[in-house]
Amino acid sequence: MDLLLEIWPFLLPIILIELILLVMALVHILTHSTYKRGTRTMWVIISFIQIIGPILYFTLGRSDE
Numbered sequence: 426m427d428l429l430l431e432i433w434p435f436l437l438p439i440i441l442i443e444l445i446l447l448v449m450a451l452v453h454i455l456t457h458s459t460y461k462r463g464t465r466t467m468w469v470i471i472s473f474i475q476i477i478g479p480i481l482y483f484t485l486g487r488s489d490e
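Just so we're aligned: the sequence shown equals residues 426 to 490 in the numbering used here.
Structure below.
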């Protein structure tokens with residue numbers, strides 16, 4: 426328990442960044458219908474892969490509108 430309290434200040438920003446990226450990616454995926462690669466279902470599934478999923482979507486899947 427003491428270890429968790431010691432590393433909590435380092436974990437909190439990572440968790441917040443992950444949640445913000447996930448929400449931003451999901452909002453964009455669900456409100457747009459065109460993607461560079463793949464389908465909406467594929468990008469929703471990929472977005473739930475920890476922190477790399479939303480980053481992959483924004484770099485590979487988001488279309489240039």
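From the three backbone atoms N, C-alpha and C, an ideal C-beta is built for every residue, glycine too.
Everything numeric in this text was worked out from a predicted model, so none of it was measured.
The three-state reading of DSSP puts Arg-487 in strand, counting E and B together.
Burial check for Pro-479: the Cβ neighbour count within 10 Å reaches 16 or more, so the residue is buried.
For Ile-445, the closest of Ile-432, Ser-488, Ile-477 and Thr-466 by C-alpha to C-alpha distance is Ile-477. Distance between Tyr-482 and Leu-430, taken at the CA atoms: about 33 angstroms. Under the Cβ criterion (8 angstroms, minimum of three pairs), the region 467-475 counts as touching the region 439-457.
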